[in-house]
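Shown next, in structure tokens, is the structure this report addresses.
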Amino acid sequence: MKLSATLLLLLVFNTISGQTTITGIVTDTKGIAIPGANIYLDGTYDGSSSDEKGNFSFTSSENGVHTLVVSFLSYENFSLQKDISQMKDLTIRLKEDVNSLGSVVLNAGTFSAGDNSKTAVLSPMDIVTTAGAAGDYIGAFQTLPGTSTVEEDGRLFVRGGDADEANIYIDGLKVFQPYTATTNNIPTRGRFSPFLFKGTNFSTGGYSAEYGDALSSVLLLNTINEPDQEKTDLSFINVGMGVGNTQIWKKNSLSINAFYLNLKPYQEIISQRVDWIKPYESLSGEAVYRHTMKKGLLKVYAGVNQTHFNLIQEDINTPEGINFKLKNRNTYLNTSYKGTLGNDWSITTGTSFANDDNDINIDNTDVNNEENSLHLKVKLKKRFSNRFKLYMGAEQFISTFSEKAQADTFGLFRTKFDNNSTAAFAEANIFFNKKLAMQVGVRATNNTLLKYTKLSPRASFAYKTTSKSQISLAYGDFYQNPGQNVLKYATQLEPKKSSHYILNYLYQHNRKTLRIEGYYKTYNNLIKYDTERPEFSSVYSNSGSGYATGLDIFWRDNNSIKNLEYWASYSYLDTQRDYNNYPNRATPNFAAKHNLSLVTKYWIKDWKSLVSTTYNFASGRPYNDPNQSIFQNRKTKTYNSINLSWAYLLSQQKILYFSVSNVLGFDNIFNYQYANTPNSNGDFARRAIRPNADRFFIIGFFWTISDNKTDNQLDNL
Amino acid sequence: MKTVITALVFFTVTVINTISAQSSYEKGMIKAFELWKTKTPDEAINLFERIAKAEKENWIPYYYAAQVHITTTFGTKNAEEIESRLTKAKSYLNEAKTLSKENAEILIMEALLNTAYVAYNPSVYGMTLSAKVEELYQKAKVLEPENPRAILYHAEWKMGSAKFFGQDVKAFCPEVEKAILYFEKEANNIPFYPKWGKNQIGRVQQNCKS
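Protein chains in written order, with the working numbering: chain A, 1 to 717; chain B, 1 to 210.
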């Protein structure tokens, strides 16, 4: 009884008289007072906000050990576990949240596009509404600095590197054949429809240790996690038609789309410089399935594509031209899972597989080749805090290539090789504070075909100079295997190597962005051979080398003129290399010294129209004239092109689209082909390599059908 | 006897605790609304957050903490402030969602959050979030077909896009009339349950005049 009474008294006493005053001051790491911070005892009503001088004081009837929590916008939460009687005259220093908008970003070498990045230079819509890109996501990146305009090829040429030096990844997994099959001087396109992606990162150098086997550049495409709604998209254009559908149920969604392209009707109307026997025809289908799980997201992508065409290519050495026939069949599968493991660990894993089959006929030679490629990858991330994150991973590449060539002149010839690589990488991401950040990593690669193991270090730093500007630095070593065209004949080779040194300045204010980047890049161990093109009997070596240096400038303004957005890119490139069959160091044909792009997008409200223009300029491209004693000594005339596109919204879900490339019909010349032997005057005759047609027209009608009547396909154009 | 008294004491203390918790919830909420009204939104947010943390299983204080952040962004042009407020509002709404699933009011607030993103930077967020806003309103209306806020704000959103595409804004005026009707009918016994929005009718109706 006595005990109970004491207990009762004790309880009553506690509730009545246990008033503890908790006091202190809240400051940032430099000791500057933070007013308005929220201070409270976790799980109780007791708390207060800090005053103008950062001071706070409140009373609590609690006692014993409690957790004091302090929170404030764009600062990290602070918590303190202590007996509340000792919570007096506390000095609480809040750390700035390095994830907030004002923080420094590690961006040297990288262009982000998408909604989640602080330094995004292109919005998702830009990628596809850029005039001249014609719905090809690669086209929009070609208006960014660091790329060279190589219209007759269509692929990405980055900072003095050829197109094979750039790799493309979807959800972190390699895309083995990112471009549609084509032949010399017929520009290719990206295989994937742009609407699949929500964000992209385009790195023109100094990229993360996560990516290898690329000397110049990586393009990272991320697919949409969750589609917003169910819908059907129909598109009718003058060169084909497409249909797409998205279904959502429970924790699943499925998007499928199919596209049929046939250039025949178009080429019958618009005259072409190429003699098409069977114009370009392709059928492609894609499906994406997404499943949300308790702790992660599973995505499965499958794409199939069949392409065929038959043409006669002009050739200076063969008056009747060369007949080229191609049938390509490509299958690509990409499965990825991203999820959390608990304890601040997360995992990203997946596999991609590609089967590529070509049936080629060049005059009387039949070539049939098949490549199977597999990429397996696992990546772990440990988040120690907002300021320190560790990434590590391992990946395996397995590929087999086999080719059968047959002709009357040499009979049957078979080649086959297996190219397997194992790689591991680790990278640390450290924010010292909101102003200074660093990323250091290393990648190790072992290749069984060429029998090598290489270690490549990567590092980047960023420092915020003012609230609107920052500078960053990046360094990295990069290795890449020789291409399939060489590997099928020679495997006693080393990988090619490049090193990047990058200095970047970024200014962002009021929806205006200025980005200036200078770089220096060295090339070593480039592949050389002693014949016109790689052949069975050629002598191969790693004796090639080169350099590239330049300055890239990007300016974007979305603010100054109402309804107008524009960006301008300028790249200066100084590069020379000794590779392939070059007799000495020289500037390759794809590397123009000056490249300029000006892209505008103007929304005319009264006409419900988005009008886009793109102007591209490139200085003359080097070419070799055998009539001259010096190799690659001449330059073509400058390249100019103005592209125009017009999207007219008939209603919110019906769009009429018109686009024309090279409106003014500039007569562009990319290169010259010279005769193998001189004519009777002792001169080598030549033929200009020009576009297949000066202009390309697209007229299309795009219709979206959904319950929700606001969505349209403007982001597909 | 001992056990009886102990039990009694225990019971009394528990009852007192519940009573005092209830009243501190009400007191706290009233105080927070006052702070919001007297133009100290950050103080109000702090208090809503403290209440939410103390209540543990009540979505309502989180909901209001998010709402104050969202409405505050309409009055500023500082990009950094807008982004951090909206990020914070999003995390409050996520907390609210884990406490109350399939809640029309939270969906409406989420639609407003996304609208704030679109208003802040139309060229970046317009294309990506518009479909989402639409989806959220439709979901909210499926859950509560007579929710006046869903109807009013959905109508306003549609008027906005109709204006942008040069279509007839007045087509959505009957929806506003419907909202007025449902505001009158609205009844909910849960204390502090959202019932705001009636005073916005006039503003939305401006589009129906002339």
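Cβ atoms here follow ideal geometry from the backbone N, Cα and C, with glycine treated the same way.
Since the structure is predicted, the reported quantities are computational estimates derived from the model, not experimental observations.
Among the options, nearest to residue i - alpha-carbon criterion
i: Ser651/A; options: Gln205/B, Phe164/B, Lys178/B and Val124/B; result: Phe164/B
i: Val288/A; options: Lys264/A, Asp578/A, Asp275/A and Leu196/A; result: Leu196/A
i: Gln67/B; options: Ile45/B, Leu136/B and Glu184/B; result: Ile45/B
i: Ile151/B; options: Arg50/B, Ala131/B, Leu47/B and Pro174/B; result: Pro174/B
i: Ser537/A; options: Asp574/A, Val486/A, Leu551/A and Thr513/A; result: Val486/A
i: Ser645/A; options: Phe696/A, Val105/A and Thr180/A; result: Phe696/A
i: Ala103/A; options: Ala302/A, Ile471/A and Lys377/A; result: One point to set straight first is that residue 103/A is Ser, not Ala, in the sequence displayed. Ranking the options by Cα distance to Ser103/A, first place goes to Ile471/A.
i: Lys141/B; options: Ile201/B, Ala79/B, Ala54/B and Glu102/B; result: Glu102/B
i: Ala688/A; options: Ile312/A, Lys608/A, Ile316/A and Gly550/A; result: Ile316/A
i: Thr108/B; options: Glu83/B, Asn199/B, Phe74/B and Trp157/B; result: Per the sequence shown, the amino acid found at residue 108/B is Ile instead of Thr. Nearest option by C-alpha distance: Trp157/B.
i: Gly361/A; options: Leu551/A, Lys327/A, Arg458/A and Tyr475/A; result: It should be noted that the sequence gives Asn, not Gly, for residue 361/A. Per the Cα distances, Lys327/A.
i: Glu790/A; options: Ser49/A, Lys82/A and Phe72/A; result: Outside the modelled stretch of chain A, which goes from 1 to 717, sits residue 790/A, for which no answer is possible.
i: Tyr674/A; options: Glu314/A, Tyr489/A and Leu80/A; result: Glu314/A
i: Ala54/B; options: Lys464/A, Val69/A, Ser50/A and Ser284/A; result: Val69/A
i: Ala212/B; options: Leu649/A, Gly24/A, Glu517/A and Ser203/A; result: Residue 212/B lies beyond the range of chain B shown here (1 to 210); nothing can be said about it.
i: Leu596/A; options: Lys637/A, Leu610/A, Gln632/A and Phe554/A; result: Phe554/A
i: Glu517/A; options: Thr365/A, Tyr572/A and Lys53/A; result: Tyr572/A
i: Thr292/A; options: Gly24/A, Tyr582/A, Ser253/A and Tyr40/A; result: Ser253/A
Buried or exposed by the 16-neighbour rule on C-beta atoms within 10 Å, applied to residue i
i: Trp214/B; result: Residue 214/B lies beyond the stretch modelled for chain B, which goes from 1 to 210, so this question has no answer here.
i: Met29/B; result: buried
i: Tyr540/A; result: buried
i: Val65/A; result: exposed
i: Ala171/B; result: exposed
i: Met127/B; result: buried
i: Ala187/B; result: exposed
i: Pro265/A; result: exposed
i: Asp46/A; result: buried
i: Asp59/A; result: Sequence check: residue 59/A is Thr here, not Asp. Classification for Thr59/A: exposed.
i: Arg443/A; result: buried
i: Gly202/B; result: exposed
i: Lys88/B; result: buried
i: Thr465/A; result: exposed
i: Ile25/A; result: buried
Proximity test, Cβ basis, 7 Å: residue i and chain B
i: Asn727/A; result: It is not possible to answer for residue 727/A, since the shown part of chain A is limited to 1 through 717.
i: Lys608/A; result: yes
i: Ser100/A; result: yes
i: Asn225/A; result: no
i: Ser74/A; result: yes
i: Gln484/A; result: no
i: Thr340/A; result: no
Residue-chain proximity (residue i, chain A), Cβ-Cβ < 7 Å
i: Gly202/B; result: no
i: Ser24/B; result: yes
i: Asp168/B; result: no
i: Asn46/B; result: yes
i: Ala32/B; result: no
i: Lys132/B; result: yes
i: Gly75/B; result: no
i: Arg50/B; result: yes
i: Ala140/B; result: no
i: Ser91/B; result: no
i: Glu95/B; result: no
i: Phe165/B; result: yes
i: Glu102/B; result: no
Residues that residue i bridges to, as DSSP identifies them
i: Gln673/A; result: Arg687/A
i: Gln247/A; result: Leu254/A
i: Pro457/A; result: Val442/A
i: Asp233/A; result: Gly244/A and Thr704/A
i: Val26/A; result: Ile92/A
Starting from the N-terminal side, write out each stretch of the beta strand (DSSP E) that is 3 residues or longer and does not extend beyond the stretch 399-440 of chain A. 411-431
Give, in chain order, every unbroken run of the beta strand (DSSP E) that is at least 3 residues long and sits entirely within the stretch 276-352 of chain A. 296-315 and 318-342
Ordered list of beta strand (DSSP E) runs contained in the stretch 572-619 of chain A, each at least 3 residues: 594-604 and 609-618
Identify every run of the alpha helix (DSSP H) within the stretch 475-560 of chain A, keeping only runs that are complete inside it and at least 4 residues long; order them along the chain. 484-487
Just to confirm the assignment: which complete beta strand (DSSP E) runs, minimum length 3, are found wholly within the stretch 363-401 of chain A? 365-385
Can you list the alpha helix (DSSP H) stretches of 4 or more residues lying completely in the stretch 141-181 of chain B, in chain order? 148-164
Ordered list of alpha helix (DSSP H) runs contained in the stretch 626-657 of chain A, each at least 4 residues: none
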